[in-house]
Amino acid sequence: MELDPQNAFSAIQTGIREASALVVAYAFSVIGAVLLLIIGFVVAGLVERWVYAGLGQVGGFDLTLRRFFSKIARYVVLGLVVVMVLGQFGIQTASVIAAIGAVGLAIGLALQGTLQNIAAGIMLLALRPLRIGEYVEVGSVSGTVEEIGLFATRLRAADGIYILAPNSTLWTLPVKNFTRNGIRRNDITITVSNEDDLDQVQQSLIEQAETDERVKKDPAPSAFVAELGDATAAITLRYWTSVNEYQSAKADLNKSVMNWQKAKV
Numbered sequence: 001m002e003l004d005p006q007n008a009f010s011a012i013q014t015g016i017r018e019a020s021a022l023v024v025a026y027a028f029s030v031i032g033a034v035l036l037l038i039i040g041f042v043v044a045g046l047v048e049r050w051v052y053a054g055l056g057q058v059g060g061f062d063l064t065l066r067r068f069f070s071k072i073a074r075y076v077v078l079g080l081v082v083v084m085v086l087g088q089f090g091i092q093t094a095s096v097i098a099a100i101g102a103v104g105l106a107i108g109l110a111l112q113g114t115l116q117n118i119a120a121g122i123m124l125l126a127l128r129p130l131r132i133g134e135y136v137e138v139g140s141v142s143g144t145v146e147e148i149g150l151f152a153t154r155l156r157a158a159d160g161i162y163i164l165a166p167n168s169t170l171w172t173l174p175v176k177n178f179t180r181n182g183i184r185r186n187d188i189t190i191t192v193s194n195e196d197d198l199d200q201v202q203q204s205l206i207e208q209a210e211t212d213e214r215v216k217k218d219p220a221p222s223a224f225v226a227e228l229g230d231a232t233a234a235i236t237l238r239y240w241t242s243v244n245e246y247q248s249a250k251a252d253l254n255k256s257v258m259n260w261q262k263a264k265v
């Protein structure tokens with residue numbers, strides 16, 4: 001079958017015209033998409049800075065949360081821009097949004113534990129049951145808080161061991177914060193004979209505490225009979241110190257009371 005040159009030339013002209021029409025038709029879409037992307041990136045950056053600065057005006061708002069929410073605001077704007085760009089090319093954005101939602105749901109189910117840690121991290125940063133530098137005990141985890149992240153919290157144990165605890169663990173269990181109130185109580189209990197003057201023993205223990213400048217005057221130290229046996233009695237000295245001086249005062253007063261008891265004997 002012979003190819004008719006005239007028909008071939010006409011087909012080429014038709015193809016060129018159709019291609020030109022497509023180029024013209026999509027050129028405006030491409031230009032619009034590029035403009036949308038440029039404007040979107042600029043607006044996303046501005047929104048991120050506005051959210052970051054706005055949250056900074058909220059007293060005590062954590063820096064990590066400020067960064068997190070400002071980044072979320074940026075990505076939300078960029079997501080809207082991408083949907084608008086796809087709309088420029090005639091793509092059904094409703095289907096795209098539905099697909100993104102389905103993918104997001106699948107990812108959420110796959111990363112359920114990770115998302116729990118993120119949610120717990122946000123709550124820890126917002127409600128602040130623990131802060132950096134505080135000594136806390138949560139279940140079997142105890143140590144000084146060094147960093148609170150969105151996924152996990154880093155602590156340093158009393159013996160220097162590195163601890164990385166998932167935020168969900170710290171959020172779902174009761175937090176015992178030894179630092180937050182600023183003062184701590186300590187009890188020293190000794191055993192004496194029932195033949196001893198218990199009032200004198202109690203007064204002597206109180207004097208031992210009052211001679212230490214680290215012991216708080218309010219609440220004042222006290223001593224009381226904690227347990228009474230047939231031949232002995234347990235006397236407890238109770239006093240309060242600042243958190244920073246707790247360990248040193250405890251060690252010194254333990255030694256002081258022990259020396260006093262030896263001298264009494």
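Using UniProt numbering, read the sequence shown as starting at 1 and increasing by one per residue.
Backbone N, C-alpha and C define an ideal beta-carbon position, used for all residues, glycine too.
Cutoff 6 Å; reference residue i; Cβ partners in own chain excluding five residues on either side
i      : result
Pro166 : Asn117, Ala152
Thr191 : Thr232, Ala234
Tyr135 : Thr144, Phe178, Thr179
Leu3   : Residue placement at Leu3 is poorly supported in this model, since its pLDDT is 48, which falls under 50; the coordinates still yield a value, given next. Within the same chain, Leu3 has no close Cβ partners at all.
Ile132 : Val145
Lys255 : none
Val257 : Ile188, Gln208
Tyr52  : Arg66, Ser70
Arg154 : Glu146, Glu147, Leu164
Arg238 : Asp187, Ser222
Asp252 : none
Secondary structure of residue i, DSSP reduced to three states
i      : result
Ala220 : coil
Asn254 : helix
Thr241 : strand
Gly143 : strand
Glu227 : strand
Trp198 : The sequence shown places Leu at residue 198, rather than the Trp named in the question. In this structure, Leu198 counts as helix in the three-state DSSP scheme.
Thr114 : helix
Val51  : helix
Leu130 : coil
Val58  : coil
Leu35  : helix
Spatial neighbours of residue i in its chain, beta-carbon cut-off 8 Å, leaving aside the 5 residues before and after
i      : result
Val203 : In the sequence as presented, Val is not what sits at residue 203; that position holds Gln. Taken in chain order, the residues that qualify are Ala223.
Arg156 : Gly143, Thr144, Glu146, Tyr162, Ile163
Lys217 : none
Gly229 : Asn194
Buried or exposed by the 16-neighbour rule on C-beta atoms within 10 Å, applied to residue i
i      : result
Ile188 : buried
Trp240 : buried
Leu127 : exposed
Ala158 : exposed
Leu205 : buried
Leu35  : exposed
Pro219 : exposed
Arg49  : exposed
Ser168 : buried
Met1   : Unreliable positioning characterises Met1 in this predicted model, as indicated by a pLDDT of 47, which lies under 50. The coordinate reading is nonetheless provided below. Met1 is exposed by the Cβ-count criterion.
Ser70  : buried
Ala249 : buried
Val30  : exposed
Val81  : buried
Val58  : exposed
Arg185 : exposed
Sequence-distant residues of its chain with Cβ nearer than 7 Å to residue i (five each side left out)
i      : result
Gln43  : Sequence inspection shows Val at residue 43; the Gln mentioned does not correspond to that position. The residues are Val77.
Gly56  : Arg66
Val201 : Val192, Ile235
Val47  : Ala73, Arg74, Val77
Asp196 : none
Cross-strand partners of residue i (DSSP beta bridge)
i      : result
Glu210 : Note: Glu210 sits in no beta bridge, so no partner.
Arg185 : Trp240
Thr191 : Ala234
Ala157 : DSSP output for Ala157 lists no bridge partner at all.
Ile163 : Leu155
Ile148 : Thr153
Asn177 : Val136
Val215 : Thr241
Closer than 7 Å: residue i CB and nearest the ligand MN heavy atom
i      : result
Arg180 : As presented, the structure is devoid of all ligands, the ligand MN included, so that no description of it is given.
_I want to know whether the segment 111-130 touches the segment 146-163 - three or more CB-CB distances under 8 Å._
yes
*Stretch pair the segment 162-180 + the segment 130-139: three plus CB contacts closer than 8 Å*: yes
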